[in-house]
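Let me begin by presenting the structure, written as structure tokens, before commenting on it.
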């Protein structure tokens, strides 16, 4: 480099970028010095918990203690799990991996507490998670996948939370959700002080500003104002907000021809999320050390123009298949009672994630699947999506993919 070494070259480049009013080099997607590490931390609302801006999701974790240790070595301090993940093995694996390291991390887990569950039933679920996790406390304990305010109104949950806190078994409570009534549940939780932390499905495809920028030349602009508004309201009241489902379907292979070093689709999506005023941090399922390293390149950085171009390309290719979390405008469109938004999310798991087992588990929790869609003559759901999704075609695809 003609008289200067690589470190000096990078330093001068960063200074030049700053002097021009651009993002610093490290935030523009350039390859950082290896190995990649967590470079950003966030305070999780009023809890005061300091966590890595990118957290470790364990929905597919089963026995891989070395993967957890790799994440720890890279500086990840927020670990998210649930009693249902891989049949409890995710908690078991984290318990083994974090033994002797528990004080280095913030640990979150979840249970699905129904509207009629008693405080004792919920406490038994918590105690079982504590045993699997080999710890005496969980920092944030979520009511999992809430899509009905009756679960939040259950006085037994509040009494359980009071007792669990007093016993030192949990520090804070939370609500997780990504269903069609997400906004309604967020508003109730925030207004009634039910949750200290929210874990919600949120990504660039749900941002009105992003969509307006991208769809300006179309005949209509589908704008969903409610979710950003609800999240901002939560943050204004000190409720911590962690985003999940940030990869908008995670069809990563679609973008490989357009990616650049330091600017993969996942990194662009994470930078968009971390630049949003609506969230504190994000959590994503990590399946390999290579994935951990790729994802952490986005830590501590901000979204730039090249990221937006990549996200726009993704939206152009896949937006016509992706349901928006919390929209639910299609609710009631099916005379046979098919829960359309839930079925479309199951399609995403089966086709985009390639996880048919997860899709089947999700549908098993519902009162109805999409079998009626295969021979439906009504198709009253057609045209009910304000974002232009072909609901009849997508629900049929979901049922076929899940039926195998």
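Residue numbers (this note's numbering): 14 to 417. Every residue gets a Cβ at the ideal spot worked out from N, C-alpha and C, and that includes glycine.
Under the 10 Å beta carbon count, residue 395 is surrounded by fewer than 16 other beta carbons and is classified as exposed. Between the beta-carbon of residue 173 and that of residue 210 there is about 16 angstroms, and that puts the pair past the 8 angstroms contact cut. Annotation for residue 200: the continuous alpha helix (DSSP H) segment containing it runs 195-204. Residue pairing by DSSP puts residue 154 in a beta bridge opposite 122, 186.
Closest in alpha carbon position to residue 300, among 290, 216, 83, is 83.
Rounded to whole angstroms, the separation of the alpha carbons of residue 138 and residue 104 is 12 angstroms. The region 358-375 makes contact with the region 257-275; the number of CB pairs closer than 8 angstroms reaches 3 or more. One Cα belongs to residue 254, the other to residue 347, and the distance between them is close to 33 angstroms. For residue 79 and residue 113, the gap between their C-alpha atoms comes out near 15 angstroms. A straight line joining the alpha-carbon of residue 382 with that of residue 192 spans about 15 angstroms.
In the same chain as residue 98, and ignoring 5 residues on each side of it, the C-beta atoms closer than 6 angstroms to its own belong to 71, 72, in chain order.
The shortest C-alpha to C-alpha distance from residue 128 to any of 392, 298, 111, 168 is the one to 168. Between residue 155 and residue 85, the CB-CB gap reaches or exceeds 9 angstroms. Taking C-alpha positions only, residue 110 is separated from residue 65 by approximately 18 angstroms.
When 132, 92, 164, 100 are compared, the shortest CA-CA separation from residue 115 is found for 92.
Residue 101 sits in a helix when the DSSP states are folded into three classes.
Setting aside the 5 residues that flank it on each side, residue 302 is surrounded in the same chain by 83, each with a C-beta closer than 6 angstroms to its C-beta; the list follows chain order. The residue among 246, 286, 307, 294 with its C-alpha nearest the C-alpha of residue 274 is 307. Using a C-beta cut-off of 8 angstroms, the region 117-134 makes no contact with the region 315-323, since fewer than three inter-stretch Cβ pairs fall below that distance.
Counting only residues of its own chain and dropping the five nearest sequence neighbours on each side, residue 196 has a CB closer than 6 angstroms to the CB of 239, 240, 243, 339. In the same chain as residue 250, and ignoring 5 residues on each side of it, the C-beta atoms closer than 7 angstroms to its own belong to 203, in chain order. In the DSSP annotation of this structure, the continuous segment of the beta strand (DSSP E) that includes residue 65 starts and ends at 63-65. Taken in chain order, the complete beta strand (DSSP E) segments of 3 or more residues contained in the region 322-398 number zero; there are none.
Bridge partners of residue 276 according to DSSP: 273. In the structure shown, residue 243 adopts helical secondary structure according to DSSP, grouped into three states. Distance from the Cα of residue 208 is smallest, within the candidate group 375, 141, 170, 377, for 170. In this model, residue 69 and residue 89 are separated by some 7 angstroms (Cα to Cα). CA-CA distance, residue 217 to residue 178, rounds to 35 angstroms.
Here the region 307-316 lies against the region 272-286, with 3 or more beta-carbon pairs under 8 angstroms apart.
Counting only the Cα atoms, residue 47 lies some 44 angstroms from residue 353. By the 16-neighbour rule on beta-carbons within 10 angstroms, residue 355 is buried. Only residues of its own chain outside the window of five on either side were considered, and among them none has a CB closer than 8 angstroms to the CB of residue 390. Here the C-alpha atom of residue 95 lies approximately 23 angstroms from the C-alpha atom of residue 87. By the C-beta density criterion, residue 166 is exposed, having fewer than 16 other C-beta atoms within 10 angstroms. Taking each of 286, 326, 270 in turn and checking the Cα distance to residue 219, the smallest one comes out for 286. A straight line joining the alpha-carbon of residue 126 with that of residue 188 spans about 10 angstroms.
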